[in-house]
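Step one of this worksheet: look at the structure below.
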Amino acid sequence: MALNGNGDASSSAIHFAQEHQEFLASVGSPTRVSRNGLAFVVPVIEEGGSAGPILSLETSVTITRPGDASETGEAAVTAQQIQEKLAAAGARREAAINDLRNKAVEESSRIEKARLVREESVTNEKEALKVKIDQDQIAAAANQEAAREILLSKLKKEELHHQEVRARKAAEFQDRLSQLDSKYTDRDGKRDMILSDMVEKLREHNEKVKATRDAFMAVKEKNMNEPEDLLKERYDYATGERDAFFDSAENRLQQGNFKLRAEGDENDNAGAKLH
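In this text, residue positions in the sequence shown follow numbering that gives the first Met the number 0: the first is 0, and each later residue adds one.
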């Protein structure tokens, strides 16, 4: 807009300030007015002046009254120039926005490429790791098979050794058993002889007891009329003889049992040593 000394310019400036008062910010004196990227300094805005308000641009373009041009040597700013500056500022803003958009697109593209490269790297690493695991498993299986063969060979050798040891132990056991059997046979013969002798002596003892009893009964029948004391004396004598014989036979039996038990313990100890 062109500013001059008439009331129209003053009213337009005041109307402009009132319409865009939300952009006003007091920074002391004068007052700054911002609009479309351009800043104006309004020292005085009042009505009734012959020359209207005095406006000044921070871009060193000053709007003055017509009489001030000769004093400062600066030309007045026209509305067309302000529009051109506003258009240039808008173009720069659009260019900056487009530049930011382009940079955002480039950054997004770079991030996407980096993601693809990273995914490809991860995929390659996974494949390489899988191949390595397969190779390790194959190698481990081969090593395990070799170890199993070595273990089987060792077990076979140990089994052969145990078979030889068992055969040798069995032969030694048979020899020892034959020796003990021969020894037991001789001792069994002696034991049978002792038992036969004991049986014979017991039979003789029974015969003597029977003969004594028969004699006692005969004497008792013969002497039925003899006094009771005499009969009791004879009975006690015969009973003493019988008890003495029983004691002697029992002692002989105990001695024979002790001897047989000692031989049996010796044989058991020999059998335990054999096992």
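Yeah, the Cβ is synthetic: ideal placement off N, Cα and C, and Gly gets one too.
### Message
Is the beta carbon of arginine 251 closer than 8 angstroms to that of lysine 200?
### Response
yes
### Task
Could you say which of Glu262, Ile81, Ala86 and Ala94 lies nearest to leucine 179 if we only look at CA atoms?
Glu262
### Query
Count the other CB atoms within 10 Å of the CB of isoleucine 81; is the residue buried (16 or more) or exposed (fewer)?
buried
### Task
Can you tell me the Cβ-Cβ gap for alanine 243 and phenylalanine 215, rounded? I've got them flagged as a contact below 8 angstroms.
With 8 angstroms as the limit, alanine 243 and phenylalanine 215 do not qualify as a contact, their Cβ atoms being about 16 angstroms apart.
#### Entry: Buried or exposed (CB count within 10 angstroms, at least 16 for buried), valine 164
exposed
### Task
Could you name each continuous alpha helix (DSSP H) segment of 4 residues or more that falls completely within the region 64-133, going from the start of the chain to the end?
68-71
### Closest residue to glutamate 240 among Asn205, Ile96, Met192 and Ala139 (Cα-Cα distance)
Asn205
### Anticipated Cβ contact below 8 angstroms, leucine 259 with arginine 190, distance rounded
6 angstroms
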